[in-house]
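>
Number of protein chains: 4
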Amino acid sequence: MPTSRLEAFSDGVFAIAITILIFDIKAPTNTQHLLPALIALWPSYLAYVISFLLIGLLWANHHVMFEHITRADRLLMFFNTLLLLVVAFVPFATSVLAATLRNGAGENVAVALYGATRIVAGLLFIAIWSHANRGGLIDAGVTTPAIRRMTRHILFGPATYAIGAVIGYFLPIVGVVIYALLILLYWLPIPQRKRVGQKVGSR
Amino acid sequence: MPTSRLEAFSDGVFAIAITILIFDIKAPTNTQHLLPALIALWPSYLAYVISFLLIGLLWANHHVMFEHITRADRLLMFFNTLLLLVVAFVPFATSVLAATLRNGAGENVAVALYGATRIVAGLLFIAIWSHANRGGLIDAGVTTPAIRRMTRHILFGPATYAIGAVIGYFLPIVGVVIYALLILLYWLPIPQRKRVGQKVGSR
Amino acid sequence: MPTSRLEAFSDGVFAIAITILIFDIKAPTNTQHLLPALIALWPSYLAYVISFLLIGLLWANHHVMFEHITRADRLLMFFNTLLLLVVAFVPFATSVLAATLRNGAGENVAVALYGATRIVAGLLFIAIWSHANRGGLIDAGVTTPAIRRMTRHILFGPATYAIGAVIGYFLPIVGVVIYALLILLYWLPIPQRKRVGQKVGSR
Amino acid sequence: MPTSRLEAFSDGVFAIAITILIFDIKAPTNTQHLLPALIALWPSYLAYVISFLLIGLLWANHHVMFEHITRADRLLMFFNTLLLLVVAFVPFATSVLAATLRNGAGENVAVALYGATRIVAGLLFIAIWSHANRGGLIDAGVTTPAIRRMTRHILFGPATYAIGAVIGYFLPIVGVVIYALLILLYWLPIPQRKRVGQKVGSR
Chain D
1 MPTSRLEAFS
11 DGVFAIAITI
21 LIFDIKAPTN
31 TQHLLPALIA
41 LWPSYLAYVI
51 SFLLIGLLWA
61 NHHVMFEHIT
71 RADRLLMFFN
81 TLLLLVVAFV
91 PFATSVLAAT
101 LRNGAGENVA
111 VALYGATRIV
121 AGLLFIAIWS
131 HANRGGLIDA
141 GVTTPAIRRM
151 TRHILFGPAT
161 YAIGAVIGYF
171 LPIVGVVIYA
181 LLILLYWLPI
191 PQRKRVGQKV
201 GSR
Chain P
1 MPTSRLEAFS
11 DGVFAIAITI
21 LIFDIKAPTN
31 TQHLLPALIA
41 LWPSYLAYVI
51 SFLLIGLLWA
61 NHHVMFEHIT
71 RADRLLMFFN
81 TLLLLVVAFV
91 PFATSVLAAT
101 LRNGAGENVA
111 VALYGATRIV
121 AGLLFIAIWS
131 HANRGGLIDA
141 GVTTPAIRRM
151 TRHILFGPAT
161 YAIGAVIGYF
171 LPIVGVVIYA
181 LLILLYWLPI
191 PQRKRVGQKV
201 GSR
Chain H
1 MPTSRLEAFS
11 DGVFAIAITI
21 LIFDIKAPTN
31 TQHLLPALIA
41 LWPSYLAYVI
51 SFLLIGLLWA
61 NHHVMFEHIT
71 RADRLLMFFN
81 TLLLLVVAFV
91 PFATSVLAAT
101 LRNGAGENVA
111 VALYGATRIV
121 AGLLFIAIWS
131 HANRGGLIDA
141 GVTTPAIRRM
151 TRHILFGPAT
161 YAIGAVIGYF
171 LPIVGVVIYA
181 LLILLYWLPI
191 PQRKRVGQKV
201 GSR
Chain F
1 MPTSRLEAFS
11 DGVFAIAITI
21 LIFDIKAPTN
31 TQHLLPALIA
41 LWPSYLAYVI
51 SFLLIGLLWA
61 NHHVMFEHIT
71 RADRLLMFFN
81 TLLLLVVAFV
91 PFATSVLAAT
101 LRNGAGENVA
111 VALYGATRIV
121 AGLLFIAIWS
131 HANRGGLIDA
141 GVTTPAIRRM
151 TRHILFGPAT
161 YAIGAVIGYF
171 LPIVGVVIYA
181 LLILLYWLPI
191 PQRKRVGQKV
201 GSR
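Residue numbers (the working numbering), protein chains in the order written: chain D, 1 to 203; chain P, 1 to 203; chain H, 1 to 203; chain F, 1 to 203.
Following this line, the structure appears as structure tokens:
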């Protein structure tokens, strides 16, 4: 099976999950003192920006990974569905995180839940990538070094987030800062991956 | 009429219906005792996972079926719209199921409603597939054995769910377990269907 | 400008508007007497089914119309955006209609609002189609009789709905029945339109 | 990397952000005096129409810009994600604006917030466009005058909105009128841009 409709369906889920993050920021019902009321929503804005960049990043990684994968089988579709299940769960984890930051209670559990969500997403990326490698679903034109770089990149994610989640359970604010830094770090243009993309991007 | 925009529109409805399942899991407003509050939401997580895999499965089946169907007429579009109507109804049936599991009341009706939703979806798959066969909308390259396998696969769904729904009305928990097992069974890679997909997948 | 991204964007709006109709059907919070509570929601189911078939129909008509139109200019995009604005308004009109049927009050205004929404959508179809004809945006391979049939089809919609809305203001239930019949009538396979589709569908 | 999936993902976010604007208009719960209750919602309709045309316009501009850009790198994807973050924020800014118009309090802050949202979106258009120019991501067939016209068009947006936001902070109603006029002005067919589109549109 070609991967085009799988990509279209996944794009849809990523796009919806990223856009519904805004539902967690509610307009103040009392608009008499609007500016302070808007400022008081800062935990929601913070959670919105972090999660938007996270889902955007997961989408970008999904996009790059599926430029290497050209065929899908039943198991790949199953792993991909599980990944989308976790992506669609991010708005809930975000909502919990924002609620604890607003309430000033429960941040450690919320930061750990958020990190765990990201780790499971990373494990599913690993599952998709290893299955595609074992099952011969990778494009024949992709070189072995390109596959190795992608593998390293995919393994790196869950490992770093696990550290952030453990630290975040004890020092929630530090955990949030680690997540934000990891997301920005991932977004920065990484020379070697760009080269991979260009090699494969000609399809 | 070619089926490309029909597939794109259907992909959109499937993607939205699957993603909005998360709306039924609400972040606890009191985050003082967050961990027990999160654990108490287990019926919502259970319903979320089952329905996510169900809609993902319906999407995958839709995808495979429309690899065989290459043209659409008015009646096919009508049946497809009815199928999407039922797919978009799944989040409601899921919400009802989760509410009864949380409340510990009304599970038998909720399990039967959930099964009925799945059965009606299955009947609409049958309607689309038989109409496509009668109306000459199937790709000329699809072999008769491939059509027979698809027909068997499509008939199998509603039959097994009907059993689950009847049992579930009397033993709700057993019904939920049957649904979960049926969904997993369907997701498992089935050798003969994969071969079908590869034959047709060359378009 | 080609129309492919315009169609993709429109497909997205149609798919979201049709799927969010389900949000108006809320799971009963008290599940002790679930079956009567579910049955009491009948006005919501009725409004859901009618509006799902209506938006599906508008999508199908949009699809057929844009098989004839091959290029887009700024004004066409503006008219198309206004049409999408009305399509996204349908869930609100549906919600109002269901509320009045549940409350047993205000049905005449709700039925008129619903019909007016459909009429404005129809007028925007006319605006898009006449602008495309005047502006030379129609595919060169479309024959004059095919254009005339499409024109007749497009003019027919608002005219019949106007009758339904006027009658519905005085006899709301009759108005709802007229809407339902008109939607079903439109969905039935109409021989001449099918032929148009096949001529053009070869692109 | 080609831009096709980036465009599909962006189309999805634009389509969802534009459609969920309708969630801010709630059906009256008391339908005894439905007509006055519906009329009392005029600030919500006004905000809905303005924001629908705004997001539609941003989508159209995104569409035209990406007809010039043929390749994406990591930084372009990052800027595009930030732009989508702002687009998905528009429903919140709209909801705040409608709330202040209904309450008759806080309009100046709401109008300034709305304008600021539009300005940030405009700055991100500038960031994407300059990065694409510097990074050699523009289609080789695009002429220098076409690039200059696009640059002027992109710079024009935030400048005019800044004026609207400043005036709107002191005279909120005038600010809303300025926004509405700017959006309509942008939607009007501009001869030179249409020509640009036709040159590039042949891809």
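Note that beta-carbon positions come from the ideal geometry of N, C-alpha and C, so glycine has one too.
Going by C-alpha distance, which of LYS26/P, LEU35/P, PHE14/P, TYR48/P is nearest ALA180/P?
Here residue 180/P refers to the residue found at position 180 of the second sequence. Measuring from the Cα of ALA180/P, the nearest candidate turns out to be TYR48/P.
> Out of LEU188/P, ILE147/P, ALA121/P, ARG118/P, state which residue places its alpha-carbon closest to the alpha-carbon of ALA132/P.
Residue 132/P sits at position 132 when you count from the first residue of the second sequence. For the residues LEU188/P, ILE147/P, ALA121/P, ARG118/P, the minimum Cα distance to ALA132/P belongs to ILE147/P.
> With distance defined between alpha-carbon atoms, name the residue in GLY12/F, PRO28/F, LEU188/F, TYR186/F nearest to LEU6/H.
Residue 6/H sits at position 6 when you count from the first residue of the third sequence. Out of GLY12/F, PRO28/F, LEU188/F, TYR186/F, GLY12/F has the C-alpha closest to the C-alpha of LEU6/H.
> Check this for me: beta carbons of THR19/P and ILE20/D, under 9 Å apart or not?
Reading the second sequence from its first residue, position 19 is the one you call residue 19/P. Reading the first sequence from its first residue, position 20 is the one you call residue 20/D. A contact, by the Cβ cut-off of 9 Å.
> State the beta-bridge partners of ILE138/D as determined by DSSP.
Mapped onto the first sequence, residue 138/D falls at position 138. ILE69/D, per the DSSP bridge assignment.
> Beta carbons nearer than 9 Å to chain H: which residues of the segment 18 to 33 of chain F have them?
Here the close residues are ILE18, THR19, ILE20, LEU21, ILE22, PHE23, ILE25, LYS26, ALA27, PRO28, THR29, ASN30, THR31, GLN32, HIS33.
> Would you say the segment 96 to 106 of chain P touches the segment 144 to 160 of chain P, given that touching needs at least three Cβ pairs under 8 Å?
Judged by Cβ distances under 8 Å, the segment 96 to 106 of chain P makes no contact with the segment 144 to 160 of chain P, as fewer than three pairs qualify.
> Could you work out which residues of chain F lie near GLU7/D, taking near to mean beta carbons separated by less than 7 Å?
Here residue 7/D is taken as the residue at index 7 of the first sequence, counted from 1. Simply ARG5.
> Any beta carbon from chain D within less than 9 Å of ALA219/P's own beta carbon?
Lying before the first or after the last residue shown, residue 219/P is absent from chain P, which here runs from 1 to 203.
> In chain order, what residues of the same chain have a beta carbon less than 8 Å from the beta carbon of ALA88/F, not counting five sequence neighbours either side?
Here residue 88/F refers to the residue found at position 88 when the fourth sequence is read from its first residue. Excluding sequence neighbours, ALA88/F sits near VAL13, ILE16, ALA17.
> By the criterion of Cβ-Cβ separation under 7 Å, what are the contact partners of HIS63/H in chain P?
The residue you call residue 63/H lines up with position 63 of the third sequence. By Cβ distance, chain P contributes ARG5.
> Could you please give me the residues that DSSP links to PRO2/F through a beta bridge?
The count along the fourth sequence starts at 1 and reaches residue 2/F at position 2. Beta-bridge pairing links PRO2/F to ARG71/F.
> Looking at the secondary structure, which residues open and close the alpha helix (DSSP H) in which PHE23/P lies?
Mapped onto the second sequence, residue 23/P falls at position 23. Premise fails: PHE23/P is in no alpha helix (DSSP H) and is neither H nor E.
> Can you tell me whether DSSP reads ALA40/D as helix, strand or coil?
On the first sequence, residue 40/D is found 40 positions in, with the first residue counted as 1. Coil, per DSSP.
> Let's test the definition: count the other Cβ atoms within 10 Å of the Cβ of LEU188/F and tell me whether it reaches 16, buried, or not, exposed.
Numbered from its first residue, the fourth sequence carries residue 188/F at position 188. The residue is exposed, with fewer than 16 neighbouring Cβ atoms inside 10 Å.
> Would a check of beta-carbon distances place PRO158/H closer than 9 Å to chain F?
Start at 1 with the first residue of the third sequence, and residue 158/H comes out as number 158. No, because no Cβ of chain F sits closer than 9 Å to the Cβ of PRO158/H.
> For PHE23/H, I'd like the list of residues in its chain whose CB is within less than 8 Å of its CB, leaving aside the five on either flank, ordered along the chain.
In the third sequence, counting from the first residue as 1, residue 23/H sits at position 23. For PHE23/H, where only same-chain residues beyond five positions count, the Cβ hits under 8 Å are PRO91.
> Assuming LEU113/F contacts PRO43/F (C-beta within less than 8 Å), just tell me the rounded distance between them.
Mapped onto the fourth sequence, residue 113/F falls at position 113. Mapped onto the fourth sequence, residue 43/F falls at position 43. That belief does not hold up - the Cβ atoms of LEU113/F and PRO43/F are roughly 15 Å apart, past 8 Å.
> By the three-class DSSP mapping on this structure, what secondary structure does LEU171/P have?
One-based indexing of the second sequence puts residue 171/P at position 171. In this structure, LEU171/P counts as coil in the three-state DSSP scheme.
> Cβ of LEU35/P within 9 Å of Cβ of VAL109/D?
Residue 35/P sits at position 35 when you count from the first residue of the second sequence. Residue 109/D sits at position 109 when you count from the first residue of the first sequence. Contact flag set, yes.
> Excluding the 5 residues preceding and the 5 following VAL120/H in the sequence, name in chain order all residues of the same chain whose CB lies nearer than 6 Å to its CB.
The count along the third sequence starts at 1 and reaches residue 120/H at position 120. Only VAL86 meet the Cβ criterion.
> Restricting to Cα atoms, I'd like to know which of GLY135/D, LEU41/D, THR117/D is closest to ILE55/D.
Within the first sequence, residue 55/D is the residue found at index 55, counting from 1. When each option's Cα is compared against that of ILE55/D, the closest is THR117/D.
> Look at the alpha carbon of GLY135/H and the alpha carbon of SER51/H, and state the distance between them as a whole number of angstroms.
Numbered from 1 along the third sequence, position 135 holds the residue referred to as residue 135/H. Numbered from 1 along the third sequence, position 51 holds the residue referred to as residue 51/H. Whole-angstrom Cα-Cα distance: 32 Å.
> Shorter than 9 Å from the beta carbon of GLY168/D to some beta carbon of chain P?
Counted from its first residue, the first sequence places residue 168/D at position 168. So, not an interface residue.
> Going by DSSP in three states, GLY164/P sits in which element: helix, strand or coil?
Working through the second sequence from its first residue, we reach residue 164/P at position 164. Note: GLY164/P maps to helix in three-state DSSP.
> Under 9 Å, Cβ to Cβ, is there at least one residue of chain D near THR81/F?
Walking along the fourth sequence from the start, residue 81/F turns up at place 81. Judged by the 9 Å Cβ criterion, THR81/F is in contact with chain D.
> Return the chain-ordered ranges of every alpha helix (DSSP H) run that is complete within the segment 86 to 142 of chain P and spans a minimum of 4 residues.
Runs of the alpha helix (DSSP H) inside the segment 86 to 142 of chain P: 107 to 134.
> Consider the Cβ of LEU184/D: report whether some Cβ of chain P lies at a distance smaller than 9 Å.
Numbered from its first residue, the first sequence carries residue 184/D at position 184. By this cut-off, LEU184/D is not an interface position.
> Among PHE78/D, LEU182/D, GLY122/D, which one has its Cα closest to the Cα of LEU57/P?
Residue 57/P sits at position 57 when you count from the first residue of the second sequence. Minimum Cα distance to LEU57/P is reached at PHE78/D.
> Would DSSP call LEU188/D helix, strand or coil?
On the first sequence, residue 188/D is found 188 positions in, with the first residue counted as 1. Three-state DSSP puts LEU188/D in coil, outside helix and strand.
> Could you tell me which of LYS26/F, THR31/F, TRP59/F, LEU75/F sits nearest to LEU184/D, measuring between CA atoms?
Position 184 of the first sequence, counted from the first residue, corresponds to residue 184/D. When each option's Cα is compared against that of LEU184/D, the closest is LEU75/F.
> Pick out whichever of HIS68/F, ASN103/F, ALA127/F has its Cα sitting closest to the Cα of THR143/F.
Position 143 of the fourth sequence, counted from the start, is the residue given in the question as residue 143/F. Comparing Cα positions, the closest option is HIS68/F.
> Taking just the CA atoms, how far does ALA105/P sit from THR29/H?
Residue mapping note: residue 29/H aligns to position 29 of the third sequence, counting from 1. Residue mapping note: residue 105/P aligns to position 105 of the second sequence, counting from 1. Straight-line Cα distance between these residues: approximately 11 Å.
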